[in-house]
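S.K.: My structure is below; once you've seen it, I'll send some questions.
Numbering (the working numbering), first residue to last: 25 to 278.
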């Protein structure tokens, strides 16, 4: 998995036609944790009734709205505008990562093209996002995993919009046992232990939409704890104040 430094420059491109306005704040908070966001653009036909309530939220979050009229009914001109802008930004060589915020599979090719330039690609969309787009990204984040937060956050959003997004369906954690065993086979040390940090990178490479929150926990060690019948854990000091958490398969009596 490509390493994102704290100061990696990120461009965030938002497909307003396929993104929920009330989730924009937590989406930006999530992406800001991965680097320095220097470009924030949202694409849509801002003259339409569908997007008329976005103005105050875009202003509050300093997102630049890009106007794109719908030339023909049933055709999404917004996608084309966003893709063209993305390629212009790509060729500027200013960015180390792109975040494509949409649940639309039309951005699959764009994500693949950006990765060909060895840049990191985040995808952010709903759980319904087609698998092809999710797998075209380095890291795909489900919007349902992002908590709206306190009532204070809600105050910046217009009360007109009442649609509520359901929480993500909690996935069966036992389905990860095979992946954890494969990671152990590749990264175990001489004593048969593997650092959970290596497992996180491994899982993201083979399953870009992997997120511990999809399994009802916040961090990978909590997954290992839930799989205690399969794996044992230990914690030992790393550099400075950092603690290293490792695991290995349990030896089961025949």
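The beta-carbon is built from N, C-alpha and C at its ideal position, and this holds for glycine as well.
Do you know whose CA, among 32, 158 and 247, lies nearest residue 224's CA?
M.R.: For this step, residue 224 is matched to residue 200 along the chain shown. The candidate whose alpha carbon is nearest that of residue 224 is 247.
S.K.: Could you give the DSSP three-state label for residue 18: helix, strand or coil?
M.R.: Residue 18 cannot be examined here, being either before or after the span of the chain that is shown, 25 to 278.
S.K.: Among 122, 131, 219 and 210, whose alpha-carbon lies nearest the alpha-carbon of residue 266?
M.R.: Taking the first residue of the chain shown as 1, we reach residue 266 at position 242. The shortest Cα separation from residue 266 among 122, 131, 219 and 210 belongs to 219.
S.K.: Three or more C-beta pairs under 8 Å: does that hold for the segment 43 to 61 against the segment 129 to 142?
M.R.: Touching, no.
S.K.: Within the same chain, show all residues whose beta-carbon is closer than 7 Å to that of residue 55, passing over the 5 residues directly before and after it, in chain order.
M.R.: Taking the chain shown and counting its residues from 1, one reaches residue 55 at position 31. Excluding positions up to five away in sequence, the list reads 34, 36, 61, 123 and 146.
S.K.: Could you name each continuous alpha helix (DSSP H) segment of 4 residues or more that falls completely within the segment 122 to 154, going from the start of the chain to the end?
M.R.: Those alpha helix (DSSP H) runs which fall completely within the segment 122 to 154 and span 4+ residues are 132 to 140.
S.K.: Count Cβ pairs between the segment 65 to 82 and the segment 159 to 170 that sit closer than 8 Å; are there 3 or more?
M.R.: Too few Cβ pairs lie closer than 8 Å, so no.
S.K.: Secondary structure at residue 245, three-state DSSP: helix, strand or coil?
M.R.: For this step, residue 245 is matched to residue 221 along the chain shown. Helix, per DSSP.
S.K.: In the DSSP assignment, find the beta strand (DSSP E) that holds residue 63 and state where it starts and stops.
M.R.: Taking the chain shown and counting its residues from 1, one reaches residue 63 at position 39. Looking at the DSSP string, the run of the beta strand (DSSP E) that includes residue 63 is 60 to 68.
S.K.: Measuring only the C-alpha atoms, how far is residue 190 from residue 105?
M.R.: Your numbering for residue 190 matches position 166 in the chain shown. Your numbering for residue 105 matches position 81 in the chain shown. Reliability of the predicted coordinates at residue 190 is poor, the pLDDT of 49 falling under 50, and the value obtained from them is presented with this limitation in mind. Between residue 190 and residue 105, the C-alpha separation is close to 30 Å.
S.K.: Give me the DSSP bridge partner(s) of residue 270.
M.R.: The residue given as residue 270 occupies position 246 in the chain shown. Note: residue 270 sits in a beta bridge opposite 219 and 258.
S.K.: Per DSSP, what kind of secondary structure is residue 185 in: helix, strand or coil?
M.R.: Taking the chain shown and counting its residues from 1, one reaches residue 185 at position 161. Only weak support is given to the placement of residue 185: the predicted model assigns it a pLDDT of 40, under 50, and the value that follows is read from those uncertain coordinates. Residue 185: coil per DSSP, three-state reduction.
S.K.: Would you report the Cα separation of residue 251 and residue 201, rounded to the nearest angstrom?
M.R.: Locating residue 251 in the chain shown gives position 227, where the first residue counts as 1. Locating residue 201 in the chain shown gives position 177, where the first residue counts as 1. Approximately 8 Å, taken between the alpha carbons.
S.K.: DSSP has residue 113 in a bridge; who is on the other side?
M.R.: What you label residue 113 is simply residue 89 of the chain shown in a count that begins at 1. In DSSP, residue 113 forms no bridge with anything.
S.K.: Where do the ends of the beta strand (DSSP E) carrying residue 33 lie?
M.R.: Locating residue 33 in the chain shown gives position 9, counting from the first residue. Residue 33 -> beta strand (DSSP E) spans 33 to 39.
S.K.: What's the call for residue 183, buried or exposed, on a 16-neighbour Cβ count within 10 Å?
M.R.: Within the chain shown, residue 183 is the residue found at index 159, counting from 1. For residue 183, the pLDDT reaches just 37, beneath the cut-off of 50, and the residue's location in the model is therefore unreliable, leaving the point undetermined.
S.K.: Quick check on residue 163: does DSSP put it in helix, strand or coil?
M.R.: In the chain shown, residue 163 corresponds to position 139, counting from 1. Looking at residue 163 - three-state DSSP - the assignment turns out to be strand.
S.K.: Compute the Euclidean distance between the alpha carbons of residue 253 and residue 229, then round it to the nearest angstrom.
M.R.: The residue labelled residue 253 in the question sits at position 229 within the chain shown. The residue labelled residue 229 in the question sits at position 205 within the chain shown. Going from the Cα of residue 253 to the Cα of residue 229 covers about 26 Å.
S.K.: Of the residues 143, 238, 125 and 93, which one's Cα is nearest the Cα of residue 116?
M.R.: Reading the chain shown from its first residue, position 92 is the one you call residue 116. Closest option to residue 116, Cα to Cα, is 143.
S.K.: With burial defined as no fewer than 16 other Cβ atoms inside 10 Å of the residue's Cβ, what is the status of residue 127: buried or exposed?
M.R.: Here the question's residue 127 lines up with position 103 in the chain shown. Buried is the call here.
S.K.: With the cut-off set at 8 Å, would you say residue 256 and residue 272 are in Cβ contact?
M.R.: Indexing the chain shown from 1 puts residue 256 at position 232. Indexing the chain shown from 1 puts residue 272 at position 248. Yes; because the gap between Cβ atoms is below 8 Å, this pair is in contact.
S.K.: Leaving out five residues before and five after residue 162 in sequence, what residues of the same chain have Cβ atoms less than 8 Å from its Cβ?
M.R.: Within the chain shown, the letter at position 138 stands for residue 162. Closer than 8 Å at Cβ, skipping near neighbours: 25, 26, 139, 144, 145, 146, 228 and 232.
S.K.: So, under 8 Å CB-CB, residue 87 and residue 64 are touching, yes? Tell me the CB distance rounded to an integer number of Å.
M.R.: Your numbering for residue 87 matches position 63 in the chain shown. Your numbering for residue 64 matches position 40 in the chain shown. About 4 Å separates the two Cβ atoms, so the contact holds.
S.K.: Please return the same chain residues whose Cβ sits closer than 8 Å to the Cβ of residue 186, not counting the five positions on each side in sequence.
M.R.: As a working note, residue 186 is residue 162 in the chain shown. Caution applies to residue 186, whose pLDDT of 36 falls short of 50 and renders its modelled position unreliable; the value that the coordinates give is listed next. So the list is empty, once near-sequence residues are dropped.
S.K.: Can you tell me whether residue 48 is buried or exposed? The criterion is at least 16 other CB atoms within 10 Å of its CB, across all chains shown.
M.R.: For the purposes of this step, residue 48 is identified with residue 24 of the chain shown, where counting begins at 1. Under this definition residue 48 is a buried residue.
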